[in-house]
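Colleague: Take a look at the following structure, please.
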Amino acid sequence: MTKRSTSTNLLCLTDKIISAFEDNCQLDVIYTDFSKAFDSIDFGILMRKLRIIGFHVNLAQWLFSYLSNRTLYAYFNNDVSDAFSNTSGVPQGSHLGPLLFIPFINDLCGEFDFSGCLLFADDLKFFRQIRSSADAALLQIDLDNLY
Numbered sequence: 520m521t522k523r524s525t526s527t528n529l530l531c532l533t534d535k536i537i538s539a540f541e542d543n544c545q546l547d548v549i550y551t552d553f554s555k556a557f558d559s560i561d562f563g564i565l566m567r568k569l570r571i572i573g574f575h576v577n578l579a580q581w582l583f584s585y586l587s588n589r590t591l592y593a594y595f596n597n598d599v600s601d602a603f604s605n606t607s608g609v610p611q612g613s614h615l616g617p618l619l620f621i622p623f624i625n626d627l628c629g630e631f632d633f634s635g636c637l638l639f640a641d642d643l644k645f646f647r648q649i650r651s652s653a654d655a656a657l658l659q660i661d662l663d664n665l666y
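Taking the working numbering, I'd label the letters of the sequence shown as residues 520 to 666.
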C-alpha cells in the first residue's frame, strides 16, 4: 500500500492517544514484533492470499515452485553445513522476500474484532480505549485470538 511509513504509523497512534486523552480515558496499546517473520510464512496460505488479491494462477504456481523444495546450506567460518530443505518462509535479503511478506500479513488488522490496529512491516500494534474492565476484556480477546 502506498504512502505508508513509520512516520504515518506514529502519527496515527499519536492521534489515537490524543483522542483518548480528550475523552478522559486511557489507551492501552500492545506492541508486537513477529519473530522470524520471513521464515514462518506458510507456502499454501501465501499462495491462497496471492490468488485472492488477483495474482494469475500461473504466476502463483511459479512462485510456489520457486519457494518450495529448495535445498539450503549454511556457511560459517568457511564451513558448510549439511543440506536441509525448507518447508516455509520467503528469502531474506532479497527483493522478492518483502514483496511476498506484505500480502501475507496485510489483512491481519481485519482479524481484530474489538481493537484498532496499525501495521508496518513485521511490527504490529493494536489498541483500545479503556473506560471499563469490559473494554480491557475485549482487548484481551483480540490478543488471545492473535496468538
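We put the CB at the ideal spot given by N, CA and C, even for glycine. Given the structure is predicted, the values throughout are model-derived calculations rather than measurements.
Going by the CB atoms, is the gap between residue 639 and residue 525 shorter than 8 Å?
Modeller: To locate residue 525, count along the sequence shown from 1; it is residue 6. To locate residue 639, count along the sequence shown from 1; it is residue 120. The answer is yes: Cβ separation under 8 Å.
Colleague: Out of 542, 544, 594 and 606, state which residue places its alpha-carbon closest to the alpha-carbon of residue 557.
Modeller: Looking up residue 557 in the sequence shown gives position 38. Checked all of 542, 544, 594 and 606; the closest Cα to residue 557 is 606.
Colleague: What's the C-alpha gap between residue 520 and residue 622?
Modeller: Translated into positions along the sequence shown, residue 520 becomes position 1. Translated into positions along the sequence shown, residue 622 becomes position 103. Because the pLDDT of residue 520 is 48, which lies under 50, any placement of that residue in the model is unreliable, and the number read from its coordinates should be weighed accordingly. Rounded to the nearest angstrom, the two C-alpha atoms are 10 Å apart.
Colleague: From 554, 582, 545 and 604, pick the residue whose C-alpha is nearest to that of residue 641; which is it?
Modeller: Position 122 of the sequence shown, counting from 1, holds the residue named residue 641. Out of 554, 582, 545 and 604, 554 has the C-alpha closest to the C-alpha of residue 641.
Colleague: Hey, how far is the Cα of residue 608 from the Cα of residue 586?
Modeller: Start at 1 with the first residue of the sequence shown, and residue 608 comes out as number 89. Start at 1 with the first residue of the sequence shown, and residue 586 comes out as number 67. Looking at the two C-alpha atoms, the distance is approximately 8 Å.
Colleague: Identify whether residue 570 lies in helix, strand or coil by the three-state DSSP scheme.
Modeller: As a position in the sequence shown, residue 570 is number 51, starting the count at 1. Helix at residue 570.
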